[in-house]
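Down below is the structure, laid out as structure tokens.
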Amino acid sequence: FDDAGGVRGTVSLAKWDTASSTWSALETGVWGGGIVKAFALDKTTSSLYVGGNFLSAGYGATEIPDTHGLAKWDIVSSTWSSLGGGASASFSVYALALDPSTSSLYVGGYFFTVRGVRDTNHLAKYDTASLTWSALGNGVSGNEVNALGLDLSASSLYVGGEFSSAGGVSGTNGLARWDIASSTWRTLGGDLSSGKVESLALDSSTSSLYVGGTFNSAGGVSGTSRLAKWNTASSSWSSLGILQGVYSVVHSFEVVTPVCAAGNVPVASGDSCTPCRPGRYVKDYGSNRRECLLCPKDSANAATLSATLVRCEACTPGTGASIGSTACAQCPAGTYSD
5 FDDAGGVRGT
15 VSLAKWDTAS
25 STWSALETGV
35 WGGGIVKAFA
45 LDKTTSSLYV
55 GGNFLSAGYG
65 ATEIPDTHGL
75 AKWDIVSSTW
85 SSLGGGASAS
95 FSVYALALDP
105 STSSLYVGGY
115 FFTVRGVRDT
125 NHLAKYDTAS
135 LTWSALGNGV
145 SGNEVNALGL
155 DLSASSLYVG
165 GEFSSAGGVS
175 GTNGLARWDI
185 ASSTWRTLGG
195 DLSSGKVESL
205 ALDSSTSSLY
215 VGGTFNSAGG
225 VSGTSRLAKW
235 NTASSSWSSL
245 GILQGVYSVV
255 HSFEVVTPVC
265 AAGNVPVASG
275 DSCTPCRPGR
285 YVKDYGSNRR
295 ECLLCPKDSA
305 NAATLSATLV
315 RCEACTPGTG
325 ASIGSTACAQ
335 CPAGTYSD
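Residue numbering for the sequence shown follows our numbering, beginning at 5 and increasing consecutively.
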């Protein structure tokens, strides 16, 4: 769009104040006739990451160098800054996924080697703490990455697009899973038949990954043209009904979950709520989006959450715990924990 509500500096990017019902600009915004394609909000650092195919963030005297296709907006200081990844004229970002707990910003799109780091064609990870770029294994081969879905409860990043393979693994044409814990690529039950993935929507509470795009079928399952569901627990494809039309394409969708009381999450059927099991805690993302996550390393939770949102308790010095533990254990002889 050219502007929002006639406010200056809102080409392709604007902010709507839900309380005052007014539009405002993010300084002088982004410019260059491009499109903003992706956002990632980090509430812990008051940072908004913006991706697209714009030429730069800011304009004229406020233009920030090296922000072609990707920039960070500091919500507190109202200033733009560079992530050091947009130097190439072909740097276009189509998808962002953020894990604040590990300072990891996953970036997908149409671009080539980022900052000289090998295997970062179309997909890379930016460390928001060390301000460095890295590859996800051997990366993806072929064309662009259009969509990312991050499942922190399963340590998985789902990647969709028009690539021919991920890490050279068979059956990863257009769609693959990056196992964050083991740093390996995995297939999702076979290649997509023709076409590409345009969008992903994840509902970890029901073990559901919704996949949309231009593909003819997913895993050879009937009725999965353009739209399909992958069950992350049973590793199986299923149909959500056939979308008719040669030119049909699913560009985006949203998962809507039932309203659950504090400390609860939707059950697999999606029509009721349940507390998290021991060894887990409720992560509240706002807007009624919650999920059960495993307790981090060196923390534990023995209780079933039913009333309040709590985090796992940190282990005391001299004790430790593995991920998803219900109790901390004394360190073995010859070891320590502080």
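We treat Cβ as the ideally placed atom computed from N, Cα and C, and that holds for glycine.
Bear in mind the structure is a predicted one, so any value in this text is a computation, not a measurement.
Drop a sphere of 10 angstroms on the beta-carbon of residue 72, count the other beta-carbons inside from all chains shown, and report buried for 16 or more, exposed for fewer.
-> buried
From the DSSP output, in three-state form, read off residue 323 for me.
-> strand
Pull up the distance between the alpha-carbon of residue 199 and that of residue 220, whole angstroms please.
-> 7 Å
In the DSSP assignment, find the unbroken beta strand (DSSP E) run with residue 332 in it and report its ends.
-> Per DSSP, residue 332 belongs to no beta strand (DSSP E) and is neither H nor E.
What first and last residue would you give for the beta strand (DSSP E) that runs through residue 112?
-> 108-114
Relative to the ligand HEM, is the shortest distance from any of its heavy atoms to the C-beta of residue 88 smaller than 7 Å?
-> In the structure shown, the ligand HEM is absent, as is every other ligand, since no ligand is present at all.
Nearest to residue 58 (by Cα), restricted to the options 68, 74, 45 = 74
Residue range of the unbroken beta strand (DSSP E) whose run includes residue 233 | 231-235
Is it buried or exposed for residue 284, if we count other Cβ within 10 angstroms and need 16 for buried?
-> buried
Between which two residues does the beta strand (DSSP E) carrying residue 10 extend?
-> Premise fails: residue 10 is in no beta strand (DSSP E) and is neither H nor E.
Note down, in chain order, each residue of its chain lying with its Cβ closer than 6 Å to the Cβ of residue 104, except the 5 sequence neighbours on either side.
-> 46, 48
Rounded to a whole number of angstroms, what is the C-alpha to C-alpha distance between residue 346 and residue 230?
-> In the structure as shown, the chain starts at 5 and stops at 342, and residue 346 therefore has no counterpart that could be examined.
Thinking C-alpha only, which one of 110, 81, 66 is nearest residue 87?
-> 110
Output the distance between the C-alpha atoms of residue 279 and residue 317, rounded to the nearest integer angstrom.
-> 17 Å
Own chain, CB closer than 7 Å to residue 12, minus 5 neighbours either side, in chain order | 29
Assign residue 126 to one of two classes, buried (16 or more other C-beta atoms within 10 Å of its C-beta) or exposed (fewer than that).
-> buried
Just grab the DSSP bridge partners of residue 300 for me.
-> DSSP output for residue 300 lists no bridge partner at all.
Grab the span of the beta strand (DSSP E) containing residue 52 for me, first residue to last.
-> 51-56
Do you know whose CA, among 157, 186, 191, lies nearest residue 163's CA?
-> 191
Rounded to whole angstroms, what's the CA-CA distance from residue 337 to residue 327? Just pull it up for me.
-> 21 Å
Spatial neighbours of residue 69 within its chain, please: CB distance less than 8 Å, with the 5 preceding and 5 following residues excluded, ordered by chain position.
-> 60, 86
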